[in-house]
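Report on the following structure.
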Amino acid sequence: MLWIVFTLYALQNGSNYARYMSEAFYDFIKTSNSVPYNSLMNNLENDDNFMAQNLYFKAEHLVNIIYKELDDKEKVFCMHFLQLIKNYQREHNNNEVMFIEWFLNNGVQQSLTITEEKNGVHISTIHKSKGLEYDAVIVPFINWTRNQNDYLWFKKPDICNSNIPAFLLKTSGDLANSQFADEYYMEKTKKYVDDLNLLYVALTRAKKVLIANIENQNIGKEIQKCVTNNFNIDGLGAIDTYKSINSNENFDIYEIGTLVNNTTYASDMSIENFKWAAKENVGIEIKIKKNYSLSSNEKIAHGVLMHDILRVIDDVDNWEKKADKILKKYHKTSEEIKKIKDNIKTIFEINPEVKNWFTNAQEIISERDLSIYKLESDKDKLESDKERKMYRPDKIFIYPDKVIVVDFKTGEKDLNEYKYQVRNYIEILRQIFDKDIEGFLLNIDNNELLKVEI
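Under my numbering, the residues of the sequence shown are numbered 32 to 485, in order.
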């Protein structure tokens, strides 16, 4: 889930920090067959259709990208995450930045309730059952079809002389013979696909027994012919006959397979010194493979916010106005705003060198992608054989005689562990500028400034 959150934020705001976190999570998720991270992000950024979609569509698309790489528990949490988005959108707007802020502060604390009652009945919507499995599943009604009284918005046809850009029309077969035929068929196709997807989810939740009810009038003529007459099904390596076991004027019952005794017996166990504590809810726990973990989501949100503020600051005189725009977007309290502003003021006051960057630099570049190709063996390689690397430093300050590159950090971090990042930036900038290149790391929270030597 955290990969989806940071990826959405990176795509929306171009945040260097969010992109860094997104790539870190992706590195732990991906397999040898996965698309390289930079290629994936470039494809998403250049996909106008994807970028124009709403928050839920984007999140679902990202889930589909990594779904096959996840274990069963991770899949359940991804489905729960999508449900969180739906619930959020019912009460709030579709703003991605505001949702991410809400999720990091509140949503990640939401619990996914999992019942352990073996003899109970769990009632769920089909959407909420995505990723879950049950021994026996009853689908009481397979009857989700678009109401013929539904209305849809249709774009104005080119041949229509009207200033109205769109029309709200009742859906009916008459639209197939109108100027709106193309859009009507497109919407109809989307509806069929949605129904098929919903049917697939409903009919693939059962491990042992599936019972489904559908009215004959909703089946369709060809399918009804099949179930009315006995026919063979290839399943699990065997040929079974799907046949009617009960029939009257009101309904038909069809059955395939044989119910087995579901009784299980536990073997004798001897447990000593075992501490037990009952838990009704399993909370969403943030985990990364290889035992890496995030201890505080508030720290992550704070880091994202500070990077966003420093990204827009390009002088020491008017920085507060630009910071206010970012802080307003994050819905911070007046006390929090004062604390953040005081922190930035302190950075300028106790670090004359930092103030000089924002005051005297001829040009300031914020979070700009740096692309470099490294040859695998020698300089005679073709362009397609080169390994492309992408870097994005937080700030680049250009002077007449030198260039200064800076990366910002937050929290209780040892800046020495991040020297390699700045060294990479310096090496790239040396290939771009015929000037002296200097590199620095700045911890925004404790005002620690470290110069990086090559």
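Positions of the beta carbon are idealized from the N, C-alpha and C atoms, including for glycine.
Keep in mind that this is a model prediction, so the values were computed, not measured.
DSSP-derived helix/strand/coil call for residue i
i	result
D348	coil
L206	helix
N477	coil
E164	coil
G334	helix
S397	strand
I169	strand
Y430	coil
F134	helix
V437	strand
D425	coil
K360	helix
K239	strand
A197	strand
L468	In the sequence as presented, Leu is not what sits at residue 468; that position holds Ile. Three-state result, I468: strand.
K61	coil
L183	strand
V453	helix
K482	strand
V66	coil
E458	helix
F389	helix
T38	helix
L93	helix
Q84	coil
N382	coil
S155	coil
K444	coil
I463	helix
I340	helix
H123	coil
I245	coil
Status (buried if at least 16 other CB within 10 Å, exposed otherwise) for residue i
i	result
F59	exposed
N391	exposed
H153	exposed
M217	exposed
S209	exposed
I340	buried
M82	exposed
I169	exposed
N44	buried
H123	exposed
L199	exposed
I195	exposed
D467	exposed
L39	buried
I357	buried
Residue closest to residue i, alpha-carbon to alpha-carbon, out of the options
i	options	result
R454	F428, T235, I173 and E484	E484
G334	D425, G204, I245 and F379	D425
N64	I97, W34 and V36	I97
I35	T62, N382, N194 and L135	L135
L183	A167, K222, V170 and Y165	K222
K187	G204, S203, Y165 and Y215	Y215
L101	F88, A90 and K61	K61
V347	N387, K369, A332 and I381	N387
W350	E367, N374 and E105	N374
S475	S53, Q462 and F379	In the sequence under discussion, the amino acid at residue 475 is Ile, which differs from the Ser named in the question. Here the closest residue by C-alpha is F379.
L4	N228, V224 and F185	Outside the shown range of the chain (32 to 485) lies residue 4, about which nothing can therefore be said.
E441	L229, I368 and L336	Glu is not the amino acid found at residue 441; the sequence shown has Thr there. Minimum Cα distance to T441 is reached at L336.
Y51	K466, F439, E479 and D467	F439
L401	N85, C109 and E458	E458
E394	Y451, K372, K363 and F428	F428
K444	L480, D432, K433 and K376	L480
N85	V128, E366, R461 and V107	V128
D432	N74, A90 and R461	R461
I131	K353, F389 and S46	S46
P171	F112, I245, D213 and L227	I245
L33	A41, L42 and F56	F56
L42	V66, L71, E76 and S70	E76
8 Å contact criterion, which residue i and residue j should meet: CB distance rounded
i	j	result
H158	Q114	7 Å
F464	K482	With a Cβ gap of about 18 Å, F464 and K482 do not count as contacting.
A237	I173	That belief does not hold up - the Cβ atoms of A237 and I173 are roughly 14 Å apart, past 8 Å.
L473	V385	7 Å
Y456	Y422	6 Å
Y48	H338	4 Å
N478	N382	7 Å
E54	Y68	5 Å
A167	V240	4 Å
CB contact below 8 Å: residue i versus chain B
i	result
F59	The structure shown has no chain B; it contains just one protein chain.
Original post:
Below 8 Å, can you find three or more Cβ-Cβ pairs linking the segment 225-237 to the segment 160-173?
Top reply: The answer is yes - the segment 160-173 touches the segment 225-237, with three or more Cβ pairs under 8 Å.
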